[in-house]
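Trainee:
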Ligand SMILES: Cc1cc2nc3c(=O)[nH]c(=O)nc-3n(C[C@H](O)[C@H](O)[C@H](O)COP(=O)(O)OP(=O)(O)OC[C@H]3O[C@@H](n4cnc5c(N)ncnc54)[C@H](O)[C@@H]3O)c2cc1C
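In the working numbering, the protein residues as written are 25 to 409.
1. Taking Cβ to Cβ, would you say residue 317 is nearer than 8 Å to residue 376?
2. Whole beta strand (DSSP E) runs in the stretch 108 to 168 with 3 or more residues, listed along the chain?
3. Using alpha carbons as the reference points, say which of 250, 241, 404 and 219 lies closest to residue 235.
4. Is residue 200 near ligand 1, judged by its Cβ being under 7 Å from some heavy atom?
5. Ignoring anything shorter than 3 residues or poking outside the stretch 170 to 219, list the beta strand (DSSP E) runs there in chain order.
6. Let me know if residue 127 comes out buried or exposed under the rule of 16 or more other beta-carbons within 10 Å of its beta-carbon.
7. Whose C-alpha, out of 143, 195 and 361, is nearest the C-alpha of residue 162?
8. So is the beta-carbon of residue 148 under 7 Å away from any non-hydrogen atom of ligand 1?
9. Considering Cα atoms alone, identify which of 393, 403 and 379 is closest to residue 105.
10. What's the call for residue 31, buried or exposed, on a 16-neighbour Cβ count within 10 Å?
11. To the nearest angstrom, report how far apart residue 35 and residue 71 are at their CA atoms.
12. Enumerate, from N- to C-terminal direction, the unbroken beta strand (DSSP E) stretches of 3 or more residues contained entirely within the stretch 219 to 268.
13. Considering only the beta carbon of each residue, do residue 337 and residue 265 sit closer than 8 Å?
14. Please confirm whether any heavy atom of ligand 1 lies closer than 7 Å to the CB of residue 338.
15. On the DSSP bridge assignment, give the partners of residue 298 in chain order.
16. Between the alpha carbons of residue 352 and residue 276, how many angstroms are there, rounded?
17. Just how far apart, CA to CA, sit residue 76 and residue 100?
18. According to the Cβ coordinates, are residue 208 and residue 256 closer than 8 Å?
19. Note down, in chain order, each residue of its chain lying with its Cβ closer than 8 Å to the Cβ of residue 120, except the 5 sequence neighbours on either side.
20. Under 7 Å Cβ to Cβ from residue 186, same chain only, skipping five residues before and after it: list those, please.
21. How about residue 175 and residue 240: do their beta carbons lie closer than 8 Å?
22. Is there contact between the stretch 331 to 350 and the stretch 384 to 391, where contact requires at least three CB pairs shorter than 8 Å?
23. Span of the alpha helix (DSSP H) holding residue 353?
24. Can you tell me whether residue 325 is helix, strand or coil according to DSSP?
25. Hey, could you find the ends of the alpha helix (DSSP H) residue 394 is sitting in?
26. Could you check whether the stretch 90 to 100 touches the stretch 321 to 332, counting it as contact only if at least three pairs of C-beta atoms, one from each stretch, sit closer than 8 Å?
27. Taking DSSP as the reference, what is the three-state secondary structure of residue 72?
Written out as structure tokens, the structure reads:
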């Protein structure tokens, strides 16, 4: 459902205020403690951030792709850990239940996902299976009584250490290979046979946690199956497409913050008797960052509008994710350069945001996987013409 222009503006304005008054002031604390304070999480719940894109009937804000992009760009003006904390509920975790779930499953989970009462995770990656996701080894076997038995392990899963509900991608047909014979399963925290390992030590984005999951004869009821048996990979790819636009928006929001940090510093810092912003070589870095940010922003808004119009945007979603995440990394690198030695020090925001930005080029498909996906679509389209 599209919001009217004024309602959307009021909402993005309130997110922008929240970012500046509540999130940016606690960023350094969150990074140092690797924990978002409970009162901030509660405020994120009140703003509806856990259910931005879920339908109103389940308590969500029902933002369409264009609205989601604008809101995520505002939210990611703060350190991206805050977005990461609400990310799965809005993206892979929540949307898989929405798109694949029966009405009973939706009613059981979506209102609590939208309110932030339940934290979700989406578990695809495994120790031996990253970019080549269809090579997954986690198995789901159906018993005679209709229950499913999961065995295997997952790696680097965002939210895994604390998630209440995990969507697990597993091979349900042992005779199949590739994307066929793969199904999704909803596994609740505390299910016997599932271990949620402690959090990994990451390069950045402290405050959000990734971790391993282990399944050792983990028995699930028949209604843990999400979507059609054997068609889980299609549902996964559909959710990932929209997730790629979301990550593009997050990268673009963070880039704007880094540009503002760079410009403010360049106007303030004096060398050779003048602000460094007066030097044309500094101006070139600022201008490149500004232009590249605007280009990524335009691509995202256009792709989101086409998604809202019902077009197939698989290729464009990969373009968004690749262009915006690579742009954000270049902007972060220039931000450190413009800050000189100060940008290398751990008490500077740009040092922290530089580390935070690096993951955008890796998760939800590395840049190389986006390149392969884009080229595949180009070749397929050429063959169809
Ligand atoms: C912080 C973080 C959060 C994450 N969250 C989740 C999550 O919530 N759920 C989840 O399921 N996963 C998650 N992941 C996993 C993430 O999606 C994978 O790390 C990513 O897809 C890459 O897989 P990999 O690490 O196994 O790298 P690999 O696939 O081993 O790739 C290593 C390198 O080889 C390149 N490469 C691989 N194949 C090709 C090819 N065919 N051609 C050219 N180059 C290639 C890659 O681009 C990369 O540069 C997360 C990872 C991190 C670090």
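Even for Gly, the Cβ is constructed at its ideal location relative to N, Cα and C.
Mentor: Answer, in terms of the structure:
1. Here residue 317 is taken as the residue at index 293 of the chain shown, counted from 1. Here residue 376 is taken as the residue at index 352 of the chain shown, counted from 1. Not closer than 8 Å, so no.
2. With a minimum length of 3 residues, the continuous beta strand (DSSP E) runs that stay inside the stretch 108 to 168 are 144 to 147 and 163 to 166.
3. Counting from 1 along the chain shown, the entry for residue 235 is found at position 211. It is 219 whose Cα lies nearest to the Cα of residue 235.
4. For the purposes of this step, residue 200 is taken as residue 176 along the chain shown, with counting starting at 1. Every heavy atom of ligand 1 is 7 Å or more from the Cβ of residue 200, so no.
5. Taken in chain order, the whole beta strand (DSSP E) runs of length 3 or more contained in the stretch 170 to 219 are 172 to 182, 189 to 195 and 206 to 212.
6. In the chain shown, counting from the first residue as 1, residue 127 sits at position 103. Under the 10 Å beta carbon count, residue 127 is surrounded by fewer than 16 other beta carbons and is classified as exposed.
7. Working through the chain shown from its first residue, we reach residue 162 at position 138. It is 195 whose Cα lies nearest to the Cα of residue 162.
8. Within the chain shown, residue 148 is the residue found at index 124, counting from 1. Yes.
9. As a first step, residue 105 is located in the chain shown; it is residue number 81 there, counting from the start. Ranking 393, 403 and 379 by Cα distance to residue 105 puts 379 first.
10. By 1-based counting over the chain shown, the position of residue 31 is 7. Looking at its Cβ environment, which holds fewer than 16 other Cβ atoms inside 10 Å, residue 31 is exposed.
11. Residue numbering aside, residue 35 sits at position 11 when the chain shown is read from its first letter. Residue numbering aside, residue 71 sits at position 47 when the chain shown is read from its first letter. Straight-line Cα distance between these residues: approximately 9 Å.
12. 234 to 244
13. Sequence index remark: in the chain shown, residue 337 carries index 313 (1-based). Sequence index remark: in the chain shown, residue 265 carries index 241 (1-based). In this structure, residue 265 lies closer than 8 Å to residue 337 by Cβ.
14. Your numbering for residue 338 matches position 314 in the chain shown. Outside the cutoff, so no.
15. Numbered from its first residue, the chain shown carries residue 298 at position 274. Per the DSSP secondary-structure output, residue 298 pairs in a beta bridge with 295.
16. In the chain shown, residue 352 corresponds to position 328, counting from 1. In the chain shown, residue 276 corresponds to position 252, counting from 1. Going from the Cα of residue 352 to the Cα of residue 276 covers about 7 Å.
17. By 1-based counting over the chain shown, the position of residue 76 is 52. By 1-based counting over the chain shown, the position of residue 100 is 76. Those two C-alpha atoms are separated by around 14 Å.
18. Position 184 of the chain shown, counted from the first residue, corresponds to residue 208. Position 232 of the chain shown, counted from the first residue, corresponds to residue 256. Yes, the Cβ-Cβ distance between residue 208 and residue 256 is below 8 Å.
19. Here residue 120 refers to the residue found at position 96 when the chain shown is read from its first residue. If we look at residue 120 and ignore the five residues flanking it on each side, its Cβ neighbours are 146, 191, 208, 250, 251, 259, 260 and 263.
20. For the purposes of this step, residue 186 is taken as the residue at position 162 of the chain shown. Result list for residue 186: 143 and 233, in chain order.
21. Position 151 of the chain shown, counting from 1, holds the residue named residue 175. Position 216 of the chain shown, counting from 1, holds the residue named residue 240. Taking 8 Å as the Cβ cut-off, residue 175 and residue 240 qualify as a contacting pair.
22. yes
23. Numbered from 1 along the chain shown, position 329 holds the residue referred to as residue 353. Element bounds for residue 353: 338 to 363.
24. As a first step, residue 325 is located in the chain shown; it is residue number 301 there, counting from the start. In this structure, residue 325 counts as helix in the three-state DSSP scheme.
25. Within the chain shown, the letter at position 370 stands for residue 394. Note, residue 394: alpha helix (DSSP H), 391 to 408.
26. Cβ pair count under 8 Å is three or more, so yes.
27. Numbered from its first residue, the chain shown carries residue 72 at position 48. Coil, per DSSP.
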